[in-house]
Amino acid sequence: MGEGQMGAAVYVAILGVATLAFGITDILVSAAGAEVVIGPIAIPNDLFRGVWGGIVVACAGGLMISSIRDIGSIQEYSKALLGAMLIWLMAGCDLFWRLCSSIPASPESPEFFNSLDGFLAGFALPYPPAVFLLPFTIVIALLMVRWKFEP
Amino acid sequence: VTLDTDERWDLVDRVVEETVTFGGYEPTIRDILGELTVKPLTGIPVAIAVLYAFWSIFGSFAGTLVTDGFMVKFFDTHFLPWIQGVWPNPGSFLYFLFVGDPMATTSLEAFGMLTSGLFVVFGVVLPAIVIFYLMLAILEDTGYLPRLAVLVDTFLHRIGLHGYAIIPTILGLGCNVPAIIATRILETRKQRFIMMLLLAMFVPCSAQIAVMLSVVPETVLWVVLYLVIGYAAVGYLLSKLIPGGNPEILIDVPTYHIPVLRDIARKMWMRTEHFIKEAVPFVLLGVFIINILYWAGVIDMLANLLEPVFVTWFGVPKETVAPLIAAFLRKDLAVAQLSGIPMTPYQLVTSVVLITIYFPCLATFIVMLKEGWKDMLAALVVLFCVVFLYGGLIHGIGILLGVA
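Chains as they are written, first to last, in this note's numbering: chain A, 101 to 251; chain B, 5 to 408.
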């Protein structure tokens, strides 16, 4: 394993462990029926986003960790990329939900569309863990370019 | 010359040996991702994620944005007061039929053809159908759906089907009518029969899901759980009881590719157009017939007649008779009706499951009939037995858990 690959393996390992830990926390907290907000991170308490979403995040972490032994090979790298894609899917779904809930005005308001301030407030913190993991997973996609893997 | 299966595969091997030359090939990321998504260890997490995204986007767009964000407000605060104000003579039969309850404050409660009928069609069902078919078209055209078929092949073989049965199942989550037609892709009569029954009983259409998410959201996960268990258990029993084969088939799995926007739009429009033509008349007809039956006292008579079965065996209020009659025309309408009946959360779950499994909606019924009346009759017999037993079982589970 080259130096670059070793660095990438360490990075993906740390990211994988963090992702797995977030996923397990999501599942446990949601199963307990409590919503937890730690600083900018919020763990939802519903079965759909919390438990089901937590399973997806945990699986993403598992995929990343399983790839680190030989991440320089295209086969193993693809597993890490697949894990990153699951995080993109999760984060994308959350951002799409925020977009959809920010466009209409509140039910009490006589207006149909939200004001600009109200719209932007819909994107305020806290966010679920997948959104925070999103920028870190982009590094995995960049490795494809660096290692010249054929997409 | 007649060849058996083994001889045929031997022949294929010999032809391949003589005609195909294998050269060196460097797999691309796309190839490997394609392989990873059909292997159970890596494919199942991806399937879980894809289904999560599917329902998350469905709920966000249809529920949060269109129905709750705009349609509820439009129908409840603008359209309903307007039509209640302009339609003359609130005590008349025509008012009851077209506008419904003059004291209603929401379109869903009013239950008139022009209030609940239009709200269900355009406020709830149409946005759900549009986003469902968009997502389905994307899954098809990227090449993920055939991979899902390969992935679930082992499970579906246990219930007498094969991987391709996932296609009618997913189509059924949109609308059961095209799903019943799609059962033709299955090889044997046994497979088609099992699939048709499972679709009619355990696969709610997106219109029904949308109404469930809108009016009884707290029940959805439990209802889905009961339906998934029922799908697997009844499928397994049917595969053991019904004679006939369950042959293997080859599934052509294309490489992943970016879908063409025009194809997606065309596919989505074709399906949505078909749905509008099917659904709109049935929803309006459903409200019309139910209102006539209420007006004539038939619903009350049936409710009293069937009270022992509903209250004692299924553990639900006798008033659920009316939604069950409506369910024959439109199941989404029936779920909407349930929201107005006072009952415990567990009774609500049982009622929604009963509505889903008790009988296919009229449009599905007609398509099933077209597929063969003998199978249709046999399906009805099985269906009534399953509804009676499964409904009673759910009630029994509720009693054991102390919630019924």
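For each residue, glycine too, the CB sits at the ideal point set by N, CA and C.
Per DSSP, which residues does residue i bridge with? Please list them.
i: A142 of chain A; result: A:V137
i: P204 of chain A; result: A:F213
Using only the heavy atoms of the ligand PLP, determine whether one of them is closer than 7 Å to the beta carbon of residue i.
i: L177 of chain B; result: Among the components of this structure there are no ligands whatsoever, and the ligand PLP is therefore not found.
Taking Cβ positions only, does residue i come closer than 8 Å to chain B?
i: V156 of chain A; result: yes
i: E250 of chain A; result: yes
i: P53 of chain A; result: What the structure shows of chain A is the stretch from 101 to 251, and residue 53 of chain A is not part of that stretch, so it cannot be assessed.
i: W152 of chain A; result: yes
i: W197 of chain A; result: yes
i: L182 of chain A; result: yes
i: L128 of chain A; result: no
i: L115 of chain A; result: no
i: L186 of chain A; result: yes
i: L147 of chain A; result: yes
Between residue i and chain A, is the shortest Cβ-Cβ distance under 8 Å, so that the two count as touching?
i: R34 of chain B; result: yes
i: A214 of chain B; result: no
i: P31 of chain B; result: yes
i: G4 of chain B; result: Outside the shown range of chain B (5 to 408) lies residue 4 of chain B, about which nothing can therefore be said.
i: L152 of chain B; result: no
i: A53 of chain B; result: yes
i: K3 of chain B; result: Outside the shown range of chain B, which is 5 to 408, sits residue 3 of chain B, and nothing can be said about it.
i: V50 of chain B; result: yes
i: A132 of chain B; result: no
i: K77 of chain B; result: yes
i: T259 of chain B; result: no
i: T354 of chain B; result: no
i: L288 of chain B; result: no
Residues of chain B with CB closer than 8 Å to the CB of residue i, please, in chain order.
i: L220 of chain A; result: Those do not exist, as L220 of chain A stays about 17 Å from chain B at its closest Cβ, beyond 8 Å.
So which residues of chain A does residue i contact, with C-beta pairs closer than 7 Å?
i: F65 of chain B; result: C200
i: F74 of chain B; result: P204 and F212
i: S60 of chain B; result: C193 and W197
i: T68 of chain B; result: W197, C200 and S201
i: L37 of chain B; result: S178 and L182
i: L40 of chain B; result: S178, K179 and L182
Would you say residue i lies against chain C (beta-carbon separation less than 8 Å)?
i: G27 of chain B; result: Absent here is chain C; the protein component of the structure consists of chains A and B.
Mapping DSSP to helix, strand and coil, what is residue i?
i: Y227 of chain A; result: strand
i: W188 of chain A; result: helix
i: I171 of chain A; result: coil
i: W13 of chain B; result: helix
i: W247 of chain A; result: coil
i: V315 of chain B; result: helix
i: H161 of chain B; result: helix
i: W197 of chain A; result: helix
i: G147 of chain B; result: coil
i: C209 of chain B; result: coil
i: D267 of chain B; result: helix
i: V151 of chain A; result: helix
i: I293 of chain B; result: helix
i: L40 of chain B; result: helix
i: S96 of chain B; result: coil
i: S343 of chain B; result: coil
i: G222 of chain A; result: coil
i: N250 of chain B; result: coil
i: W91 of chain B; result: coil
Starting from the beta carbon of residue i, find every residue of chain A whose beta carbon is closer than 9 Å, and list them in chain order.
i: P285 of chain B; result: What P285 of chain B touches in chain A: nothing, since even the nearest Cβ is about 29 Å away.
Can you pull the chain A neighbours of residue i, defined as C-beta to C-beta under 8 Å?
i: T109 of chain B; result: Correct list: empty, because the minimum Cβ distance to chain A is about 13 Å.
i: T46 of chain B; result: L163, K179 and L182
i: L225 of chain B; result: L147 and F148
Which chain B residues are close to residue i, counting only those with a beta carbon under 7 Å from its beta carbon?
i: P207 of chain A; result: K77
i: L189 of chain A; result: A53 and A57
i: M244 of chain A; result: I33
Using a Cβ-Cβ cut-off of less than 9 Å, list which residues of the stretch 163–177 of chain A approach chain B; keep chain order.
-> L163, S166, I174, Q175 and Y177
Which residues, in chain order, does the stretch 262–277 of chain B contribute to contact with chain A at a C-beta distance below 9 Å?
-> none
Going along the stretch 319–345 of chain B in order, which residues come within less than 7 Å of chain A, judged by CB to CB distance?
-> none
Scan the stretch 216–241 of chain A for residues whose Cβ lies nearer than 7 Å to a Cβ of chain B and list them as they occur along the chain.
-> none
The stretch 176–210 of chain B: which residues have C-beta closer than 7 Å to a C-beta of chain A, in chain order?
-> none
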